[in-house]
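Scroll down for the structure; my scribbles are underneath it.
Numbering (this note's numbering), first residue to last: 43 to 108.
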């Protein structure tokens, strides 16, 4: 499990996943649209602070959006 420090309270944040579909939520670049699929996308994962509940979202492979 990946961890980082919360920018709001300084306590531990843990990497979680969003339960939508088989592998999480997809973020898509609208310029990647083709007739049947979008090849410019990445999955996103939230980091949640176990102390204050603050959430940050990060793209797993942001360069795939280009």
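Ideal Cβ placement from N, Cα and C applies to all residues, glycine included.
Please read these numbers as outputs of a predicted model, since none were measured by experiment.
- Between residue 81 and residue 107, the C-beta spacing is not below 7 Å.
- Secondary structure at residue 105: helix, using DSSP grouped into helix, strand and coil.
- The beta carbon of residue 84 sits closer than 7 Å to the beta carbons of 69, 101, 102, 103, 104, 106, 107 from its chain, once the five residues preceding and following it are set aside; these are given in chain order.
- In this structure, residue 91 lies near residue 48, with their beta-carbon atoms less than 7 Å apart.
- Distance from the CA atom of residue 60 to the CA atom of residue 94, rounded to whole angstroms, is 19 Å.
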